[in-house]
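**Q**
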Amino acid sequence: MSQLGTLEDLPLDYRQGLTARNLVPLWPALRAALPYGIPARKTKPILWRYEEIRPQLLEAGRLTPIEKAERRVLVLANPGLGLDNMQATPSIYIGMQLILPGEIAPNHRHSPSAVRFVVEGEGGFTIVEGEKCPMEPGDLILTPSGLWHEHGHSGSGPVIWMDALDLPLVYGLEASYCTEGAPQTVRNEADGSQTRYRRSGLVPYAAVTRPRANYPLVRFPWREVKSALADLATVTPRGEAVRLAYVNPETGMECMPILGFSAVHLRPGESLRLPRHSASSVINVVDGSGTARIDGVELAFDQFDTMAVPTHAEVEIANASSTRPAHLFVVDDAPMQRKLGFYEIFG
Ligand code: 1HN
17 MSQLGTLEDL PLDYRQGLTA RNLVPLWPAL RAALPYGIPA RKTKPILWRY EEIRPQLLEA
77 GRLTPIEKAE RRVLVLANPG LGLDNMQATP SIYIGMQLIL PGEIAPNHRH SPSAVRFVVE
137 GEGGFTIVEG EKCPMEPGDL ILTPSGLWHE HGHSGSGPVI WMDALDLPLV YGLEASYCTE
197 GAPQTVRNEA DGSQTRYRRS GLVPYAAVTR PRANYPLVRF PWREVKSALA DLATVTPRGE
257 AVRLAYVNPE TGMECMPILG FSAVHLRPGE SLRLPRHSAS SVINVVDGSG TARIDGVELA
317 FDQFDTMAVP THAEVEIANA SSTRPAHLFV VDDAPMQRKL GFYEIFG
């Protein structure tokens with residue numbers, strides 16, 4: 017490893033000549049762009065407490081009518097990446113969205129892909145391409161790139177969900193934009209993708225002979241995920257993660273192109289080391305409490321808290337309860353990294 021030359025090693029008039037021609041020498045910046053062994057990471061391992069987010073979000077509900085917000089969201093911004101940049105990690109946007117009874121978050125579609133992961137409340141719904149999806153706590157609803165979506169609330173009390181988008185990536189590529197639309201006509205088949213793709217291992221017959229659908233299933237109910245995890249826990253040896261991936265039921269592959277989703281069941285008293293990998297991620301605590309150690313930073317988590325995990329990080333999580341399981345929902349950018357050919361898992 018030789019010491020590379022610095023900017024200051026170069027004569028001032030040479031540097032000025034480069035600047036005047038919009039030229040930059042690589043070698044003084046090479047090691048920062050390409051460090052040895054592990055990438056440089058500005059993302060901080062941090063935790064946002066739901067107990068602190070919730071009152072601020074309800075206050076936003078009093079201060080800002082939905083018409084003035086379009087989407088009433090508080091963004092979880094990683095301080096290591098700059099609070100103005102709407103990044104929980106370099107590629108993942110996370111926000112907490114509040115909708116009050118009777119409100120409508122109007123129809124639109126955009127180039128970034130989004131998902132909703134419901135935190136609390138009953139009676140919320142999202143219409144995706146004419147399909148009305150109920151939102152119950154823990155449900156995952158996909159609104160992939162280019163698909164029309166609008167939200168409403170026909171119940172009582174606040175409904176709050178977590179939005180996860182690949183916005184920082186798409187914005188960084190100068191490819192992020194949105195189109196407004198008239199309210200959608202709801203198809204006479206509420207929650208239709210749930211009906212058609214009810215059970216794993218069974219898909220509509222036509223799906224076998226035609227090209228695979230990009231987004232056949234748009235809602236993954238928590239009720240099903242929780243029960244599948246509980247079953248998986250009974251056949252998973254201690255020390256191995258009880259973890260399910262959310263996939264496209266027609267391909268068996270990740271259900272969105274850039275972001276990936278999974279759910280973890282921590283058994284009572286269980287402590288787990290997640291495999292170290294090159295993806296960044298965000299963890300939302302569905303229920304339970306415990307501690308996470310992310311690159312040596314210890315974070316105590318409670319229900320509905322959210323944590324940011326930098327790329328290449330060491331992660332250990334422990335369930336504080338000796339009697340009840342804890343559940344985590346994980347968003348990562350592994351699908352994108354796999355497609356781009358640099359995803360690595362270190363074990
Ligand atoms: C968006 O479309 C929603 O549809 C929420 O609820 C948050 C943040 C940035 C860009 C688009 C939504 C968003 C968003």
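Here this note's numbering is used: the first residue of the sequence shown is 17, the next is one more, and so on. No residue lacks a Cβ here, since even glycine has one placed at the ideal position from N, Cα and C.
(1) By the 10 Å Cβ neighbour count, where 16 or more other Cβ atoms means buried, how is P199 classified, buried or exposed?
(2) Can you give the Cα-Cα distance for G140 and A206, rounded to whole angstroms?
(3) Does the Cβ-Cβ distance between R228 and E266 come in under 7 Å?
(4) Hey, out of L356, Q353, D348, whose CA is closest to S278's CA?
(5) What whole-angstrom Cβ distance do Y109 and P184 have, given they're in contact under 8 Å?
(6) For P150, which residues does DSSP report across the bridge?
(7) When the Cα of G357 is compared with those of R289, A295, Y52, which residue comes out closest?
(8) DSSP on D311, reduced to helix/strand/coil?
(9) Mind checking which residues open and close the beta strand (DSSP E) that includes Q401?
(10) Do you know offhand how far R254's Cα is from A191's?
(11) Helix, strand or coil for A223? Go by DSSP, reduced to three states.
(12) Look at G268 and A350 and say whether their C-beta atoms are less than 7 Å apart.
(13) Count the other CB atoms, across all protein chains shown, that sit within 10 Å of the CB of I54; report buried if there are 16 or more and exposed otherwise.
(14) Closer than 6 Å: is that where the CB of R88 sits relative to any heavy atom of the ligand 1HN?
(15) Report yes if the C-beta distance between L163 and V175 is below 7 Å; otherwise report no.
(16) Taking 6 Å as the cut-off, is the C-beta of D179 nearer than that to any heavy atom in the ligand 1HN?
(17) Measuring only from the beta carbon, is L183 closer than 6 Å to any heavy atom that is part of the ligand 1HN?
(18) With which residues is C10 paired in a DSSP beta bridge?
(19) Take G312 as the anchor and find which of A261, V325, D303, P341 has the nearest alpha-carbon.
(20) Is it the case that the CB of G137 approaches a heavy atom of the ligand 1HN more closely than 6 Å?
**A** Based on what the coordinates show:
(1) The residue given as residue 199 occupies position 183 in the sequence shown. When all chains shown are included, P199 counts as exposed.
(2) For this step, residue 140 is matched to residue 124 along the sequence shown. For this step, residue 206 is matched to residue 190 along the sequence shown. If I take the Cα positions, the gap works out to 14 Å.
(3) In the sequence shown, counting from the first residue as 1, residue 228 sits at position 212. In the sequence shown, counting from the first residue as 1, residue 266 sits at position 250. Yes. Within cutoff.
(4) What you label residue 278 is simply residue 262 of the sequence shown in a count that begins at 1. Out of L356, Q353, D348, D348 has the C-alpha closest to the C-alpha of S278.
(5) Walking along the sequence shown from the start, residue 109 turns up at place 93. Walking along the sequence shown from the start, residue 184 turns up at place 168. About 6 Å; that satisfies the 8 Å criterion.
(6) Within the sequence shown, the letter at position 134 stands for residue 150. P150 is bridged to F141.
(7) As a first step, residue 357 is located in the sequence shown; it is residue number 341 there, counting from the start. When only C-alpha atoms are compared, the closest one is A295.
(8) Locating residue 311 in the sequence shown gives position 295, where the first residue counts as 1. Of the three classes helix, strand and coil, the one that applies to D311 here is coil, per DSSP.
(9) What the structure shows of the chain is the stretch from 17 to 363, and residue 401 is not part of that stretch, so it cannot be assessed.
(10) Your numbering for residue 254 matches position 238 in the sequence shown. Your numbering for residue 191 matches position 175 in the sequence shown. The straight-line gap from Cα to Cα measures roughly 45 Å.
(11) By 1-based counting over the sequence shown, the position of residue 223 is 207. A223 falls in the helix class under three-state DSSP.
(12) Taking the sequence shown and counting its residues from 1, one reaches residue 268 at position 252. Taking the sequence shown and counting its residues from 1, one reaches residue 350 at position 334. No. Outside cutoff.
(13) For this step, residue 54 is matched to residue 38 along the sequence shown. I54 should be labelled exposed.
(14) Translated into the one-based positions of the sequence shown, residue 88 becomes position 72. No - the ligand 1HN has no heavy atom lying nearer than 6 Å to the Cβ of R88.
(15) Numbered from its first residue, the sequence shown carries residue 163 at position 147. Numbered from its first residue, the sequence shown carries residue 175 at position 159. Taking 7 Å as the Cβ cut-off, L163 and V175 do not qualify as a contacting pair.
(16) Along the sequence shown, one-based indexing puts residue 179 at 163. Checking the Cβ of D179 against the ligand 1HN gives yes.
(17) The residue given as residue 183 occupies position 167 in the sequence shown. For the ligand 1HN, at least one heavy atom lies less than 6 Å from the Cβ of L183.
(18) Outside the shown range of the chain, which is 17 to 363, sits residue 10, and nothing can be said about it.
(19) Stepping through the sequence shown from its first residue, residue 312 is reached at position 296. Looking at the Cα atoms, V325 is the closest of the given residues.
(20) Translated into positions along the sequence shown, residue 137 becomes position 121. No; taking the cut-off as 6 Å, the Cβ of G137 has no heavy atom of the ligand 1HN nearer than that.
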